[in-house]
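Structure first, then comments.
Numbering (the UniProt record's numbering), first residue to last: 1 to 66.
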């Protein structure tokens, strides 16, 4: 299976999302859900999720044009 740049970027972002989710859970469990470190990790995760959604939507829009 040949993967293009967009697919590889999405796979990389999926890995980053999973890592940030696990980190946020760990921080939340040890420091609490409202601790600044938990909130910061959540904000980082939001940015990555938004980037993933943009790439995913762009890729699917291009596929739909064919």
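Here a beta-carbon is modelled for each residue, glycine too, at the ideal position from N, C-alpha and C.
Predicted model, so just to flag it, every value in this text is computed and none were measured.
8 Å contact criterion, which residue i and residue j should meet: CB distance rounded
| i | j | result |
| --- | --- | --- |
| residue 49 | residue 17 | 6 Å |
Distance between residue j and residue i (C-alpha atoms, nearest Å)
| i | j | result |
| --- | --- | --- |
| residue 41 | residue 9 | 21 Å |
| residue 52 | residue 33 | 24 Å |
7 Å CB neighbourhood of residue i in its chain, flanking five on each side removed
| i | result |
| --- | --- |
| residue 21 | 45 |
Neighbourhood of residue i by C-beta, 8 Å cutoff - its chain only, sequence neighbours within 5 removed
| i | result |
| --- | --- |
| residue 38 | 24, 27, 28, 31 and 32 |
| residue 6 | 55, 58 and 59 |
| residue 11 | 3 |
Same chain only: Cβ atoms within 6 Å of residue i, ignoring 5 sequence neighbours per side
| i | result |
| --- | --- |
| residue 43 | none |
Extent of the continuous alpha helix (DSSP H) run through residue i
| i | result |
| --- | --- |
| residue 24 | 5-31 |
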